[in-house]
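In this note's numbering, the protein residues as written are 11 to 234.
Worksheet for the structure shown next.
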(Lines of atoms letter the chains of each structure in order from A; the text may use other names.)
(Lines give C-alpha, C1' and ligand atoms only; values in the text may rest on other atoms or scores of the structure.)
Protein backbone atom coordinates (compact mmCIF):
# COMPACT_ATOMS: atom_id res chain seq x y z
CA UNK A 11 0.00 0.00 0.00
CA UNK A 12 1.50 3.30 -1.13
CA UNK A 13 2.35 5.93 1.45
CA UNK A 14 0.62 9.30 1.06
CA UNK A 15 4.07 10.90 0.79
CA UNK A 16 4.93 8.77 -2.25
CA UNK A 17 1.58 9.54 -3.87
CA UNK A 18 1.95 13.26 -3.30
CA UNK A 19 5.48 13.39 -4.74
CA UNK A 20 4.64 10.92 -7.55
CA UNK A 21 8.08 9.37 -7.08
CA UNK A 22 7.83 5.67 -7.88
CA UNK A 23 11.42 4.92 -8.91
CA UNK A 24 12.03 2.51 -6.02
CA UNK A 25 9.13 0.32 -7.17
CA UNK A 26 10.37 0.26 -10.76
CA UNK A 27 13.93 -0.53 -9.63
CA UNK A 28 12.65 -3.46 -7.58
CA UNK A 29 10.70 -4.88 -10.53
CA UNK A 30 13.61 -4.31 -12.92
CA UNK A 31 15.62 -6.64 -10.69
CA UNK A 32 13.05 -9.36 -11.36
CA UNK A 33 11.28 -9.08 -8.03
CA UNK A 34 7.46 -9.19 -8.29
CA UNK A 35 5.31 -6.55 -6.60
CA UNK A 36 1.63 -6.65 -5.70
CA UNK A 37 -0.02 -3.37 -4.71
CA UNK A 38 -3.14 -3.12 -2.59
CA UNK A 39 -5.44 -0.36 -1.31
CA UNK A 40 -3.58 2.81 -2.39
CA UNK A 41 -2.31 2.12 -5.90
CA UNK A 42 -1.22 4.08 -8.98
CA UNK A 43 -1.82 3.35 -12.64
CA UNK A 44 1.76 4.33 -13.57
CA UNK A 45 3.22 1.12 -12.15
CA UNK A 46 2.52 -2.06 -14.10
CA UNK A 47 1.95 -4.84 -11.57
CA UNK A 48 -0.81 -6.92 -9.99
CA UNK A 49 -3.15 -4.87 -7.80
CA UNK A 50 -5.89 -5.50 -5.26
CA UNK A 51 -8.20 -2.56 -4.71
CA UNK A 52 -11.43 -1.80 -2.93
CA UNK A 53 -14.45 -0.68 -4.94
CA UNK A 54 -14.07 2.80 -3.46
CA UNK A 55 -16.37 4.49 -5.97
CA UNK A 56 -19.40 2.26 -5.45
CA UNK A 57 -18.77 1.95 -1.72
CA UNK A 58 -18.99 5.73 -1.40
CA UNK A 59 -21.92 5.99 -3.80
CA UNK A 60 -23.94 3.42 -1.84
CA UNK A 61 -23.17 5.20 1.44
CA UNK A 62 -24.40 8.55 0.15
CA UNK A 63 -27.48 6.92 -1.39
CA UNK A 64 -28.26 5.53 2.07
CA UNK A 65 -28.17 9.05 3.51
CA UNK A 66 -30.39 10.30 0.70
CA UNK A 67 -32.91 7.48 1.25
CA UNK A 68 -32.89 8.44 4.95
CA UNK A 69 -34.18 11.89 3.91
CA UNK A 70 -30.89 13.80 4.25
CA UNK A 71 -31.10 16.93 2.08
CA UNK A 72 -27.74 18.58 2.73
CA UNK A 73 -24.91 16.02 2.77
CA UNK A 74 -21.38 17.12 3.56
CA UNK A 75 -18.26 15.28 2.41
CA UNK A 76 -15.08 15.12 4.49
CA UNK A 77 -12.33 13.82 2.21
CA UNK A 78 -8.64 14.02 1.33
CA UNK A 79 -6.81 15.91 -1.39
CA UNK A 80 -7.20 14.23 -4.79
CA UNK A 81 -3.64 12.87 -5.02
CA UNK A 82 -4.70 10.01 -2.73
CA UNK A 83 -6.43 7.59 -5.12
CA UNK A 84 -8.92 6.24 -2.60
CA UNK A 85 -9.99 9.73 -1.54
CA UNK A 86 -10.45 10.77 -5.16
CA UNK A 87 -12.61 7.74 -6.00
CA UNK A 88 -14.73 8.10 -2.86
CA UNK A 89 -15.26 11.76 -3.71
CA UNK A 90 -16.39 10.77 -7.21
CA UNK A 91 -18.83 8.26 -5.70
CA UNK A 92 -20.29 10.98 -3.47
CA UNK A 93 -20.77 13.32 -6.43
CA UNK A 94 -22.33 10.60 -8.59
CA UNK A 95 -24.88 9.71 -5.89
CA UNK A 96 -25.93 13.35 -5.58
CA UNK A 97 -26.21 13.86 -9.33
CA UNK A 98 -28.23 10.68 -9.87
CA UNK A 99 -30.67 11.89 -7.23
CA UNK A 100 -30.98 15.37 -8.77
CA UNK A 101 -29.11 17.02 -5.90
CA UNK A 102 -26.73 19.77 -6.96
CA UNK A 103 -23.28 19.34 -5.35
CA UNK A 104 -22.22 22.37 -3.31
CA UNK A 105 -18.54 23.25 -2.97
CA UNK A 106 -19.24 24.66 0.52
CA UNK A 107 -20.20 21.16 1.70
CA UNK A 108 -16.95 19.49 0.59
CA UNK A 109 -14.08 19.65 3.07
CA UNK A 110 -10.76 18.43 1.62
CA UNK A 111 -8.29 17.80 4.41
CA UNK A 112 -4.57 18.40 3.95
CA UNK A 113 -2.99 14.98 4.38
CA UNK A 114 0.45 16.42 5.10
CA UNK A 115 -0.74 16.81 8.70
CA UNK A 116 -0.97 13.68 10.82
CA UNK A 117 -4.46 14.26 12.18
CA UNK A 118 -4.15 11.37 14.61
CA UNK A 119 -1.59 13.59 16.34
CA UNK A 120 -3.20 16.94 15.49
CA UNK A 121 -6.79 16.01 16.34
CA UNK A 122 -7.63 19.55 17.41
CA UNK A 123 -6.77 20.87 13.94
CA UNK A 124 -9.05 18.30 12.31
CA UNK A 125 -11.90 19.05 14.70
CA UNK A 126 -11.49 22.81 14.16
CA UNK A 127 -11.88 22.37 10.39
CA UNK A 128 -14.99 20.23 10.82
CA UNK A 129 -16.46 22.67 13.34
CA UNK A 130 -15.99 25.50 10.85
CA UNK A 131 -17.75 23.39 8.18
CA UNK A 132 -20.75 22.79 10.46
CA UNK A 133 -20.97 26.40 11.67
CA UNK A 134 -20.80 27.75 8.12
CA UNK A 135 -23.51 25.34 6.89
CA UNK A 136 -26.10 24.91 9.62
CA UNK A 137 -28.38 23.06 7.18
CA UNK A 138 -26.06 20.00 7.06
CA UNK A 139 -28.05 16.92 8.08
CA UNK A 140 -25.77 14.18 6.72
CA UNK A 141 -22.01 13.54 6.59
CA UNK A 142 -20.06 11.06 4.50
CA UNK A 143 -16.43 10.80 5.61
CA UNK A 144 -13.82 8.91 3.59
CA UNK A 145 -12.23 7.31 6.65
CA UNK A 146 -12.98 6.32 10.21
CA UNK A 147 -11.05 9.14 11.88
CA UNK A 148 -12.88 11.86 9.94
CA UNK A 149 -16.28 10.28 10.68
CA UNK A 150 -15.67 9.88 14.41
CA UNK A 151 -14.31 13.43 14.61
CA UNK A 152 -17.47 14.70 12.88
CA UNK A 153 -19.61 12.96 15.52
CA UNK A 154 -17.49 14.45 18.33
CA UNK A 155 -17.83 17.97 16.90
CA UNK A 156 -21.58 17.46 16.40
CA UNK A 157 -21.97 16.60 20.09
CA UNK A 158 -19.95 19.69 21.05
CA UNK A 159 -22.32 21.85 18.99
CA UNK A 160 -25.38 20.29 20.62
CA UNK A 161 -26.38 18.17 17.62
CA UNK A 162 -27.84 14.71 18.15
CA UNK A 163 -26.52 11.86 16.02
CA UNK A 164 -28.54 10.50 14.20
CA UNK A 165 -31.63 12.69 14.83
CA UNK A 166 -30.04 16.00 13.77
CA UNK A 167 -27.08 14.66 11.83
CA UNK A 168 -26.51 11.23 10.25
CA UNK A 169 -22.91 10.10 9.73
CA UNK A 170 -21.36 7.35 7.60
CA UNK A 171 -17.65 6.54 7.52
CA UNK A 172 -15.40 4.32 5.41
CA UNK A 173 -13.24 1.48 6.79
CA UNK A 174 -14.94 -0.70 9.39
CA UNK A 175 -12.32 -0.46 12.13
CA UNK A 176 -12.64 -1.42 15.77
CA UNK A 177 -13.42 2.18 16.79
CA UNK A 178 -16.51 2.23 14.57
CA UNK A 179 -18.09 -0.59 16.56
CA UNK A 180 -17.32 0.91 19.97
CA UNK A 181 -18.06 4.60 19.31
CA UNK A 182 -21.07 6.24 20.96
CA UNK A 183 -23.23 6.12 18.94
CA UNK A 184 -21.70 3.25 16.96
CA UNK A 185 -20.74 4.27 13.43
CA UNK A 186 -22.47 3.18 10.23
CA UNK A 187 -19.59 2.46 7.89
CA UNK A 188 -18.46 0.98 4.60
CA UNK A 189 -16.57 -2.27 5.19
CA UNK A 190 -13.72 -2.77 2.73
CA UNK A 191 -12.95 -6.33 3.87
CA UNK A 192 -9.30 -5.62 4.70
CA UNK A 193 -8.53 -9.25 5.55
CA UNK A 194 -9.89 -10.46 2.21
CA UNK A 195 -7.84 -7.79 0.43
CA UNK A 196 -4.66 -8.85 2.23
CA UNK A 197 -5.26 -12.54 1.56
CA UNK A 198 -5.85 -11.92 -2.15
CA UNK A 199 -2.70 -9.79 -2.42
CA UNK A 200 -0.65 -12.51 -0.71
CA UNK A 201 -2.04 -15.20 -3.04
CA UNK A 202 -1.22 -13.11 -6.11
CA UNK A 203 2.33 -12.55 -4.87
CA UNK A 204 2.87 -16.24 -4.10
CA UNK A 205 1.56 -17.16 -7.57
CA UNK A 206 4.00 -14.70 -9.15
CA UNK A 207 6.95 -16.02 -7.14
CA UNK A 208 6.16 -19.65 -7.96
CA UNK A 209 5.53 -19.10 -11.68
CA UNK A 210 8.28 -18.94 -14.28
CA UNK A 211 9.00 -15.27 -14.95
CA UNK A 212 8.79 -14.32 -18.61
CA UNK A 213 8.82 -10.59 -19.29
CA UNK A 214 7.32 -10.94 -22.77
CA UNK A 215 4.36 -12.96 -21.50
CA UNK A 216 3.90 -10.88 -18.35
CA UNK A 217 0.23 -10.14 -17.71
CA UNK A 218 -1.08 -8.23 -14.73
CA UNK A 219 -4.49 -8.27 -13.13
CA UNK A 220 -6.41 -5.88 -10.93
CA UNK A 221 -8.75 -7.53 -8.43
CA UNK A 222 -11.59 -5.37 -7.11
CA UNK A 223 -12.97 -6.19 -3.66
CA UNK A 224 -16.66 -5.30 -3.23
CA UNK A 225 -17.75 -3.33 -0.16
CA UNK A 226 -20.66 -3.70 2.25
CA UNK A 227 -22.51 -1.04 4.22
CA UNK A 228 -22.59 -1.94 7.92
CA UNK A 229 -25.55 -0.10 9.45
CA UNK A 230 -25.24 0.99 13.07
CA UNK A 231 -26.53 3.79 15.31
CA UNK A 232 -25.17 6.88 13.51
CA UNK A 233 -27.87 6.60 10.82
CA UNK A 234 -31.62 6.18 11.06
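Glycine residues also receive a C-beta, built at the ideal position from the N, C-alpha and C atoms.
When C-alpha distances from residue 138 are compared across 66, 32, 27 and 229, the shortest belongs to 66. The continuous stretches of alpha helix (DSSP H) do not include residue 187, which lies in the beta strand (DSSP E) extending over residues 186-189. In the DSSP assignment, residue 218 falls outside any alpha helix (DSSP H), carrying neither H nor E. Look at residue 138 here: in three-state DSSP terms it is coil, with no helix or strand label. In the structure shown, residue 171 adopts extended strand secondary structure according to DSSP, grouped into three states.
Note that the region 44-58 touches the region 84-98; at least 3 beta-carbon pairs, one per stretch, sit closer than 8 Å. Comparing alpha carbon positions, the residue from 195, 234 and 230 closest to residue 220 is 195. Our two residues, residue 111 and residue 206, have alpha carbons roughly 37 Å apart in a direct line.
As DSSP reads the structure, residue 25 sits in no beta bridge. With a 10 Å radius around the Cβ and a threshold of 16 neighbouring Cβ atoms, residue 178 comes out buried. Taking 8 Å as the cut-off, the Cβ atoms of residue 146 and residue 171 count as close.
Distances from the alpha-carbon of residue 88 to those of 176, 39 and 114 put 39 closest.
Per DSSP, the unbroken alpha helix (DSSP H) holding residue 93 starts and ends at 83-98. Contact check for residue 53 and residue 222: beta-carbon distance about 5 Å, within the 8 Å limit, so the pair qualifies. If you compare the alpha carbons of 119, 152, 142 and 120 with that of residue 133, the shortest gap goes to 152. Restricting attention to 186, 182, 184 and 173, the CA atom closest to the CA of residue 192 is found in 173. For residue 152, the enclosing alpha helix (DSSP H) stretches over residues 146-158.
With respect to residue 141, residue 76 sits close: the two C-beta atoms are nearer than 8 Å. Note that the C-beta distance between residue 79 and residue 125 is not below 8 Å. In this model, residue 233 and residue 46 are separated by some 40 Å (Cα to Cα).
Here the C-alpha atom of residue 34 lies approximately 46 Å from the C-alpha atom of residue 70.
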